[in-house]
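To keep things clear, I will list the structure first and then write my remarks on it.
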Amino acid sequence: MPTRIVRVVNLPNKIYLDVEINFVALAPPQRRLLMASLNSLNARKTLQVGDKSYEIFSLDAVEGLKQLPYALRILGENLLRNEDGANITADQIKALAAWNPDAQPSTEIQFTPARVVMQDFTGVPCVVDLATMREAVKELGGDPKKINPLAPAEMVIDHSVQIDYFGRVDALKLNTDKEYERNSERYKFLRWGQGAFNNFRVVPPGTGIIHQVNIEYLARSVFTKELPDGTVQAYPDTCVGTDSHTTMVNGLGVLGWGVGGIEAEAAMLGQPVSMLIPRVVGFKLSGSIPASATATDVVLTITQMLREHGVVGKFVEFYGEGVTQVPLANRATIGNMSPEFGSTAAIFPIDQVTVDYLRLTGRDEERCALVEAYAKEQGLWHDPSFEPKYSEYLELDLSTVVPSIAGPKRPQDRIKLSDAKRTFEQTLVPTYAPEAHKRVELTTADGTKTDLDHGRVVIASITSCTNTSNPSVMMAAGLLARNARAKGLKSKPWVKTSVAPGSQVVTDYFDQSGLWKPLDELGFNLVGYGCATCIGNSGPLSPEISKVINDNDLAVTAVLSGNRNFEGRISPDVKMNYLASPPLVVAYALAGTMDFDFATEPLGQDQHGNDVFLRDIWPDPTEVQRTIDETINRDMYTKDYANVFAGDERWQSLPTPEGSRFTWDDASTYVRKAPFFDGMKMEPEPVRDIHGARVLLKLGDSVTTDHISPAGAFKPETPAGQYLTSNGVQPKDFNSYGSRRGNHEVMMRGTFANIRIKNQLLDGVEGGFTRDFTKDGGPQAYVYDASMHYQAEGIPLVVLGGKEYGTGSSRDWAAKGTRLLGVKAVIAQSFERIHRSNLIGMGILPLQFPEGESADSLGLDGTETFDISGVTVLNEGKTPETVKVCATKADGSKVQFDAVVRIDTPGEADYYRNDGILRYVLRNLVKA
Numbered sequence: 001m002p003t004r005i006v007r008v009v010n011l012p013n014k015i016y017l018d019v020e021i022n023f024v025a026l027a028p029p030q031r032r033l034l035m036a037s038l039n040s041l042n043a044r045k046t047l048q049v050g051d052k053s054y055e056i057f058s059l060d061a062v063e064g065l066k067q068l069p070y071a072l073r074i075l076g077e078n079l080l081r082n083e084d085g086a087n088i089t090a091d092q093i094k095a096l097a098a099w100n101p102d103a104q105p106s107t108e109i110q111f112t113p114a115r116v117v118m119q120d121f122t123g124v125p126c127v128v129d130l131a132t133m134r135e136a137v138k139e140l141g142g143d144p145k146k147i148n149p150l151a152p153a154e155m156v157i158d159h160s161v162q163i164d165y166f167g168r169v170d171a172l173k174l175n176t177d178k179e180y181e182r183n184s185e186r187y188k189f190l191r192w193g194q195g196a197f198n199n200f201r202v203v204p205p206g207t208g209i210i211h212q213v214n215i216e217y218l219a220r221s222v223f224t225k226e227l228p229d230g231t232v233q234a235y236p237d238t239c240v241g242t243d244s245h246t247t248m249v250n251g252l253g254v255l256g257w258g259v260g261g262i263e264a265e266a267a268m269l270g271q272p273v274s275m276l277i278p279r280v281v282g283f284k285l286s287g288s289i290p291a292s293a294t295a296t297d298v299v300l301t302i303t304q305m306l307r308e309h310g311v312v313g314k315f316v317e318f319y320g321e322g323v324t325q326v327p328l329a330n331r332a333t334i335g336n337m338s339p340e341f342g343s344t345a346a347i348f349p350i351d352q353v354t355v356d357y358l359r360l361t362g363r364d365e366e367r368c369a370l371v372e373a374y375a376k377e378q379g380l381w382h383d384p385s386f387e388p389k390y391s392e393y394l395e396l397d398l399s400t401v402v403p404s405i406a407g408p409k410r411p412q413d414r415i416k417l418s419d420a421k422r423t424f425e426q427t428l429v430p431t432y433a434p435e436a437h438k439r440v441e442l443t444t445a446d447g448t449k450t451d452l453d454h455g456r457v458v459i460a461s462i463t464s465c466t467n468t469s470n471p472s473v474m475m476a477a478g479l480l481a482r483n484a485r486a487k488g489l490k491s492k493p494w495v496k497t498s499v500a501p502g503s504q505v506v507t508d509y510f511d512q513s514g515l516w517k518p519l520d521e522l523g524f525n526l527v528g529y530g531c532a533t534c535i536g537n538s539g540p541l542s543p544e545i546s547k548v549i550n551d552n553d554l555a556v557t558a559v560l561s562g563n564r565n566f567e568g569r570i571s572p573d574v575k576m577n578y579l580a581s582p583p584l585v586v587a588y589a590l591a592g593t594m595d596f597d598f599a600t601e602p603l604g605q606d607q608h609g610n611d612v613f614l615r616d617i618w619p620d621p622t623e624v625q626r627t628i629d630e631t632i633n634r635d636m637y638t639k640d641y642a643n644v645f646a647g648d649e650r651w652q653s654l655p656t657p658e659g660s661r662f663t664w665d666d667a668s669t670y671v672r673k674a675p676f677f678d679g680m681k682m683e684p685e686p687v688r689d690i691h692g693a694r695v696l697l698k699l700g701d702s703v704t705t706d707h708i709s710p711a712g713a714f715k716p717e718t719p720a721g722q723y724l725t726s727n728g729v730q731p732k733d734f735n736s737y738g739s740r741r742g743n744h745e746v747m748m749r750g751t752f753a754n755i756r757i758k759n760q761l762l763d764g765v766e767g768g769f770t771r772d773f774t775k776d777g778g779p780q781a782y783v784y785d786a787s788m789h790y791q792a793e794g795i796p797l798v799v800l801g802g803k804e805y806g807t808g809s810s811r812d813w814a815a816k817g818t819r820l821l822g823v824k825a826v827i828a829q830s831f832e833r834i835h836r837s838n839l840i841g842m843g844i845l846p847l848q849f850p851e852g853e854s855a856d857s858l859g860l861d862g863t864e865t866f867d868i869s870g871v872t873v874l875n876e877g878k879t880p881e882t883v884k885v886c887a888t889k890a891d892g893s894k895v896q897f898d899a900v901v902r903i904d905t906p907g908e909a910d911y912y913r914n915d916g917i918l919r920y921v922l923r924n925l926v927k928a
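At the far end of the sequence shown sits residue 928, using UniProt numbering, and the numbering has no gaps.
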C-alpha cells in the first residue's frame, strides 16, 4: 500500500524523502535506505565511548519505554530503529510504551532480529530452501542472486556427530572419521553455500555446540553496523535460531529465541518476525545455591515451577538482588531450558557479571566498554533495586534448592534425588514393565559375566550445551570422578559412558586441571564436540546388551546432562530417560541402576572393604570454585576461537562445488531440491474451505515435535528405510533422520514415525502407523503409505491432537513433513508456540477445539469425515475467529462445533493466504 515518507528534523547531513511511494514493493536494501531517513519520534542520538562515536536510537525518545520490563525495552529499541511507516509505525512504538501488563496480548509488532543462528540439522534444509528459491526466482523471471541472507546468518555444525565409539581414548578421532564418512555430501553442500551466499558463515564440525559457541564467541551483546555514509550504529544484539534452545543466549542479556527453519529463512531474507506484544513474567531470585546443589538442580526446579505456572508464549525475566549472585554460566543454563518450561524467552539483564564474562571469553576491551556504556545509557543495565511492572510474578529462594533429577520422559517432571528410587519403583510398574525385576544373564564383549534388569542405566552421558557450558558442574563431575577412582570405584560394565562437550575450552580446562585422567578411567572419554546423546545421537549400544534388552523387553534407562528426555529420543533400546547434573551422571554410572538410593546404598567398597557412599566422594563446592579459578583463563577462549570458521584439514580438503546456483544430483540421498515451490505462480490461489477430509492421526496430550518430526535412527523395514534401500543405501549407512534433513523423500517418510507415538486410531499400537480408509475396513498401514493413497485419491487430511500439541524443539520438518503428507489442518486443544507458527508457515491451518472440549469429549474417534467451512473469509483480508467444523460418522450422524482459528496476527494471515511464508517472501522478492 502507498505510504507517505515524511521529512525528519534535527538530523544534519541526511537526505530525506517527501514523496509517496509503494514501500512494500521495494527490495529490502531499498527499504533499509528509506528507513534510515525515517525517524518520526526523533530518537537518533550519538553515544561516545572512548574515542569512538555511535549512532543509537534512544529509548528516552518515547515516554514509558524505559519503565518497561527489560526485554520489552529491547523490543522498543528494535521498533524505533526499524520504523518504516508501513510494517513498523510510530503508533506501534507508542502502543508498546503504553503496554498494559495485565492485558492479554493483542497488539501486533514486527521484530527484526540482528542475526540468525543455525545448527546443521535444521540449517541444511534452510540452505536447501535458499538454493531452491534461487531456482524458483529464475523460473519466475527474476534474478537468482537476489536470494541471499540479508541478516547475518551463522551456522554451527554440531548435530551430526554420533557416539559409535566410546570407552576408549581414541573415541574422538574414530567418531569424527565416521562423521565425515557419513556426512561428506552434506558438508560439501554447506561449503558451497558458504561461498555462494553473502552474509553466511559456517562453524565447521568438531568445534562445539551452537549455543555454547554462541555465548562464548558469536554473541555481541551490543551489535554494531557501519552504514553507507560511514556512521557506525550500535544496538542490542538480538537473534532468532533454528533450535529452540537459542534462548541460552538470554543469559548474556541477548533477546533471542528459537523459531522453525521456515521462520528463520524468512528472517534471513529480511522478513521481520510478526508477534504480539507478550505478557512478561517477573521471576525474582533471592538467596544463594546451597553446597549440596548445583546449577542443574536450580534449572530443574525453575523448569518445574514455570511449567506448572504456565508461561507458554510469554517472556520470563529474572530480577532482584539474587540475580547478582547468579554466575553467567548458571544464567545461560537457565536460559537454555526456556523451551522446557514453555516460555518464548527467559532473559537476564546485562550487568557487571555479563561484562566480566565477555572479557573472560575473549571479547576485546572495546566491545566490553561499548556493552557497558550502551546498556547504561539505554536503561538496559540491571538495577536490582528497580522492579518493573510485570504481568505475573514468581519467586525462588535459591537456598531452598535440593539435588534433583527429571524424568522419565519430560524435563519438567522433577524428582528430588532423595525420592528417586521410590519414584522409579512407582513409575516402572505398570507403565514400563509388568514386574519390578527381571534379571537376565549378560556376557559383555570382554567376557565379563553379569546381568541386566529393569532400571539398569545403560547410557550415562555428559552431553549438551545446557551443562557442558557450565564449568561449575563440569569441574564437579571431574572431581567426583577423581574421588571415586581414589576409592577404587568403577563404572558398571553395562553402562555406555561418554563426554561430548560444547566447546574445546572444556577439553583445555580438564587437561589443565588433570581431571581427564580419572574421567577416562571411568569410561567418560571425550567422544566428540556436539549435541550427541541429547539429540538422540547416542549411537548403538553394544550388540550383546541391545540383544538382551530387546529379547527380554527390559525397561532400561539413560541418564544424561541434557535438556530433553522425551520418549524414543535418546535410544530405541531405552524406555526411560532422566536428566541430571554432570556429577550425578557419573554417580549413576557408578551405581548402574535407577533402582538406587544414594543416601542408604553404597556405590561400592574401597580398597579396605569399606562401603563408599555418594556423600563420601561428592566434591566440596569451595574446591570446585578453586579449581575453576586456578584453571580457566581468557587465553583458552582466544586460542580455541582464533580461527573458528577455518576448520581442520578434513574440512578444508572437502571438494567444494562452485557457482551461484547449486547443481542438484538426482541420485543424492542427502541433498535434493525441495518441492515447496513446485507449480508456484506469481499470484496465490484463493484460500479454500476443506471438504471430505480424513483423519491421518488422532493423538493425545503433550505430543512433541520429537513424536512428529523425523529424528534419530530408523530401521530397514520403515518407509524411509525402504526408500534408501531401493536407492542402493545399505542399512549400516542409513545414518540418522537428522543427517538427511536435506532430502524431503526421507523426511516425509519419517514424519509421525516415532517408535513411541501412539495413534489412537489403533488400539495398543506404537509407532508410525494409522488406518487407511481408502481400503475396505480401514486396515493398519504406515502413515506415509496411507498418506500417499489419500493424496492419490484427492482426499485432504487432518490431524486431531490434545493439549500442548507440538511441544519441544523448533523442528521445521514437523511442519514440512505434515504438509508433504497432505495434512490441511490440525485440530488440537492447545499448541506450543513455535510449532503453531510453523504450521502456518507451511500453509497448514491450526485450529483449537472449543474451550473445555476435546476430540474425546465431542465423541470423535477419528473415523469421521471432516468438513471445515468459513476459511474463505481470509480471501477478503479478514481473519475469522472461528470456523465451522462438521464431522460425519459412518452411520451418517454429525458432530458439529466451532473451532478457534489460531492465526494470531495479520502477518500470519498473509502467510496462510500465500500458502506459506516461503512463497510469501519469494513473491515479494520477485516483485521488487
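Don't be surprised by glycine CBs; every beta carbon is placed ideally from N, CA and C.
Asked, Found
"Integer-rounded CB distance, given that L190 should sit under 8 angstroms from V202", "6 angstroms"
"Straight-line Cα distance separating N82 from F23", "Here the model assigns F23 a pLDDT of 47, short of 50, so the residue's position is not dependable, and the following value carries that caveat. The alpha-carbon atoms of F23 and N82 are separated by roughly 13 angstroms."
"Alpha-carbon to alpha-carbon, T333 and S292", "18 angstroms"
"Distance, G208 Cα to L358 Cα", "18 angstroms"
"Segment contact flag, the stretch 753-763 with the stretch 652-664, C-beta cutoff 8 angstroms, min 3 pairs", "no"
"Cβ separation of I277 and L65, assumed to be a contact under 8 angstroms, to the nearest whole Å", "That belief does not hold up - the Cβ atoms of I277 and L65 are roughly 12 angstroms apart, past 8 angstroms."
"Helix, strand or coil at L797 according to DSSP, with G and I counted as helix", "strand"
"Touching by the beta-carbon criterion (3+ pairs, under 8 angstroms), the stretch 482-501 and the stretch 230-237", "no"
"Collapsed DSSP secondary structure at N250 in the structure displayed", "helix"
"Cα-Cα separation between A153 and S513, rounded to whole angstroms", "36 angstroms"
"Pick from R833, L452, V798 that is closest to L820, judged by C-alpha positions", "V798"
"Where the alpha helix (DSSP H) through C368 begins and ends", "365-377"
"CA-to-CA distance, K487 to A481, given in whole angstroms", "10 angstroms"
"Three-state secondary structure assigned by DSSP to T770", "strand"
"Validate contact between the stretch 467-480 and the stretch 346-362 using beta carbons, cut 8 angstroms, 3 pairs", "no"
"Straight-line gap, L396 to R279 (C-alpha atoms, nearest Å)", "20 angstroms"
"Whole-Å CB distance - L696 paired with V783, under 8 angstroms assumed", "7 angstroms"
"Limits of the beta strand (DSSP E) - the one that Q829 falls within", "It is not in any beta strand (DSSP E) - Q829 carries neither H nor E in the DSSP assignment."
"Whole-angstrom C-beta distance between V527 and Y165, which should lie under 8 angstroms", "7 angstroms"
"First through last residue of the alpha helix (DSSP H) which encompasses S787", "783-792"
"Separation of K389 from P101, as counted between CA atoms", "7 angstroms"
"Identified DSSP bridge partners for Y509", "Per DSSP, none; premise fails for Y509."
"Member of K803, R694, R363 whose CA lies at the smallest distance from the CA of K775", "R694"
"Integer-rounded CB distance, given that N87 should sit under 8 angstroms from P272", "6 angstroms"
"Continuous beta strand (DSSP E) assignments of at least 3 residues falling wholly in the stretch 185-269", "200-203, 222-226, 232-236, 238-241, 255-258"
"9 angstroms Cβ cutoff met for T224 and Y54", "yes"
"Selection from Y737, V473, V128, V156 that minimises the alpha carbon distance to G241", "V156"
"Boundaries (first-last residue) of the alpha helix (DSSP H) holding D356", "352-360"
"C-alpha distance - N525 paired with V506, whole-angstrom precision", "13 angstroms"
"Counted within 10 angstroms of its Cβ, other Cβ atoms place residue 981 as buried (16 or more) or exposed", "It is not possible to answer for residue 981, since the shown part of the chain is limited to 1 through 928."
"D120 and F676 closer than 9 angstroms at C-beta", "no"
"First and last residue of the uninterrupted beta strand (DSSP E) at M594", "Careful: M594 lies outside any beta strand (DSSP E) and carries neither H nor E."
"P2 in three-state terms, based on DSSP", "The pLDDT assigned to P2 is 33, lower than 50, so where the model puts this residue is not dependable, and the model offers no usable value."
"Buried/exposed call for Q730, threshold 16 Cβ in 10 Å", "exposed"
"Anticipated Cβ contact below 8 angstroms, I755 with G767, distance rounded", "5 angstroms"
"Through-space distance from L398 to N550, alpha-carbon basis", "43 angstroms"
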